[in-house]
Amino acid sequence: MNAQTTGRMQDKVVLVTGAASGIGEAAALLFHAEGARLVLADIDQERGAALAARLGASFIAADVSREEQVEAAVLHTVRQHGRIDCMINNAGVVGAVGSIMETDARAWHATQAILLDSVFFGIKHAARRMRERRSGVILSLSSIAGVMGGLGPHAYTAAKHAVIGLTRSAASELSQYGIRVNAVAPGTTVTPLVEGIRGGREAAIQGATQVSPLGSPLMPDEIAAALLYLASDAAAHVTAHTLVVDSGVTAGGFASGASVLRDRPMSFIGPSGQGEHP
Ligand SMILES: NC(=O)c1ccc[n+]([C@@H]2O[C@H](COP(=O)([O-])OP(=O)(O)OC[C@H]3O[C@@H](n4cnc5c(N)ncnc54)[C@H](O)[C@@H]3O)[C@@H](O)[C@H]2O)c1
218 MNAQTTGRMQ DKVVLVTGAA SGIGEAAALL FHAEGARLVL ADIDQERGAA
268 LAARLGASFI AADVSREEQV EAAVLHTVRQ HGRIDCMINN AGVVGAVGSI
318 METDARAWHA TQAILLDSVF FGIKHAARRM RERRSGVILS LSSIAGVMGG
368 LGPHAYTAAK HAVIGLTRSA ASELSQYGIR VNAVAPGTTV TPLVEGIRGG
418 REAAIQGATQ VSPLGSPLMP DEIAAALLYL ASDAAAHVTA HTLVVDSGVT
468 AGGFASGASV LRDRPMSFIG PSGQGEHP
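The sequence shown lines up with residues 218 to 495 when you count with my numbering.
Here you go:
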């Protein structure tokens, strides 16, 4: 344990999907620093295996859109460490983009497979193992596109909304086994996914700064910190919850139009002489 960390995941066995990059990588680094025993899964074998080697963790190649590969990752974790305490369903892509009127059904289904089916598979197979021990935490990545329309492509938005619904539904069944199920919904976060959309890291940082009401870009380690909280005993009674980490974007009221009234001197606009109002 280093001086900055407090061992909040000491000896906890944690499986992270999509761990080779971005938020998954940041979660792996933070959970490792907090004492977790990690298994990293990703479709990107080279980066995933390299990170695992750095952390003394194990790596398993897995495509999360394939049920048997998610199940294999869970079984690998249990074989190696005797149990699974925490499953993080993080792997993702942008998926189908463009007008709803042009969206191709195969691209739609491929998006749902990676972003939604994967979460179903992760919850299903992790819960089967956690039930035996009557404890466990399952976390999944939604998005601010999962709580509002118009913030992401259609297929992505639909999948991320569904992740929140599935989180609530699974939590309601699995609480009887002592299993907590939660989601994290990040705003635009500077990761290779966003860098790819924006055309580089500098442009991604600039874009994430522009959309942040707090005026600074959201970074992957801040999403990792939210995952750590939900995974830890500090959140022992938090389940069926979606923790939005978005610098306030989805609270609304940050568009320049909103300040037209907010920034006026205090007054009352309406018919005079009503109630207490001037
Ligand atoms: N970056 C953001 O702004 C943002 C915002 C909200 C939600 N999210 C969500 O956070 C999660 C992580 O995103 P990120 O920004 O870190 O992306 P990223 O591209 O940096 O990392 C995603 C990782 O998932 C892996 N992956 C992709 N498809 C896979 C598959 N089929 N099987 C296994 N692994 C696969 C990739 O190889 C990569 O390592 C995603 O679910 C994403 O939708 C990201």
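For each residue, glycine too, the CB sits at the ideal point set by N, CA and C.
Only residues of its own chain outside the window of five on either side were considered, and among them A421, G424 have a CB closer than 6 Å to the CB of R415, listed in chain order. Look at I355 here: in three-state DSSP terms it is strand. Shown here, P409 sits in a helix according to DSSP, grouped into three states.
Scanning its chain for C-beta atoms nearer than 7 Å, with the 5 sequence neighbours on each side dropped, one finds around S464 the residues G404, S429, P430, L431, L435, in chain order.
In the DSSP annotation of this structure, the continuous segment of the beta strand (DSSP E) that includes A400 starts and ends at 396-403. Among the bridge pairs identified by DSSP, A278 is matched with D259. Taking the Cβ atoms as the reference, H371 lies roughly 5 Å from I317, within the contact range of under 8 Å.
For I305, the beta-bridge partners assigned by DSSP are V233, L356. Annotation for A266: F276 place their beta carbon closer than 6 Å to its own, counting only its chain and skipping 5 residues before and after. Apart from sequence neighbours up to five positions away, the residues of its chain that approach G395 with a beta-carbon distance below 7 Å are R351, S352, ordered along the chain. Within the DSSP bridge table, the entry for V462 names P403 as partners. Taking all protein chains shown into account, A402 has 16 or more neighbouring C-beta atoms within 10 Å of its C-beta and is therefore buried. Within the stretch 318-392, the complete alpha helix (DSSP H) segments of 4 residues or longer fall at 322-329, 335-350, 371-391, listed in chain order.
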